[in-house]
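Asker: The letter at position 36 of the sequence shown is residue 22 when you use our numbering, and the numbering goes up by one with no holes.
Beta carbons are placed, not taken as given, at the ideal position from N, Cα and C, and that holds for glycine.
One structure coming up, written as structure tokens, with questions to follow.
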Amino acid sequence: METIKLSLYEKNKETGIFEDLLGAYVLEDHVALLDKAYAVDENGLKVHLYLTVAGEVEDSEYEAIYEQYDGEGFNDMDVTIEEVEDSYNPTWLFIFDFIADSDEMGEMIDHILEIHNSELERILKNIRTTK
């Protein structure tokens, strides 16, 4: 199991420069799914968490992954999910409110990673068994 420390910075909307360190979170599970993360002030700090797939996918799997991705597992969370279609591998942007409490913020990120991983496992199993 790989452990990383995710440093979350506020990104200036006008300049694109990372300015203030908002927090650092130790992540142990599903870190290969994490592409990047930062926060932007959009009437309050919003975290932009980019998640992808672990490793590479075949061209034939790319669209199928997007088509089968079901965000219903996130319905109990106040999170917006957007597809990022100009990326090499399927990628999703998760937008949610920044939580000042470090433990709660870390738990939120862990929970999103766990649901995302479960959804990808379901999809890839389905795609690869129907080939």
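Give me the DSSP bridge partner(s) of Asp27.
Answerer: In the DSSP output, where bridge partners are listed per residue, Asp27 has Leu31.
Asker: What would DSSP say about Val43, mapped onto helix, strand or coil?
Answerer: Note: Val43 maps to coil in three-state DSSP.
Asker: Three Cβ pairs or more, each shorter than 8 Å: is that satisfied between the stretch 48 to 55 and the stretch 88 to 98?
Answerer: The stretch 48 to 55 is not in contact with the stretch 88 to 98.
Asker: List, from N- to C-terminal side, the alpha helix (DSSP H) runs of 4 residues or more that fit wholly inside the stretch 61 to 106.
Answerer: Complete alpha helix (DSSP H) runs here, min 4: none at all.
Asker: Could you check if Glu28 is buried or exposed, using at least 16 other CB atoms within 10 Å of its CB as the buried criterion?
Answerer: Result: exposed.
Asker: How long is the line joining the alpha carbons of Ile(-10) and Phe80, rounded to whole angstroms?
Answerer: Cα to Cα, Ile(-10) sits roughly 19 Å from Phe80.
Asker: Given a cut-off of 8 Å, decide if Ala25 and Tyr36 are closer than it, judged by their beta-carbon atoms.
Answerer: No, Cβ-Cβ distance for Tyr36 and Ala25 is not below 8 Å.
Asker: Taking 8 Å as the threshold (C-beta atoms), are Leu31 and Phe84 in contact?
Answerer: Yes. Within cutoff.
Asker: Please report the straight-line C-alpha distance between Val33 and Ile113, rounded to a whole angstrom.
Answerer: The straight-line gap from Cα to Cα measures roughly 31 Å.
Asker: What would DSSP say about Tyr(-5), mapped onto helix, strand or coil?
Answerer: Reduced to three states, the DSSP call for Tyr(-5) is strand.
Asker: What distance in whole Å lies between the Cβ atoms of Asp15 and Leu99, which are believed to be in contact at a cut-off of 8 Å?
Answerer: Contact flag correct, Cβ pair sits at about 6 Å.
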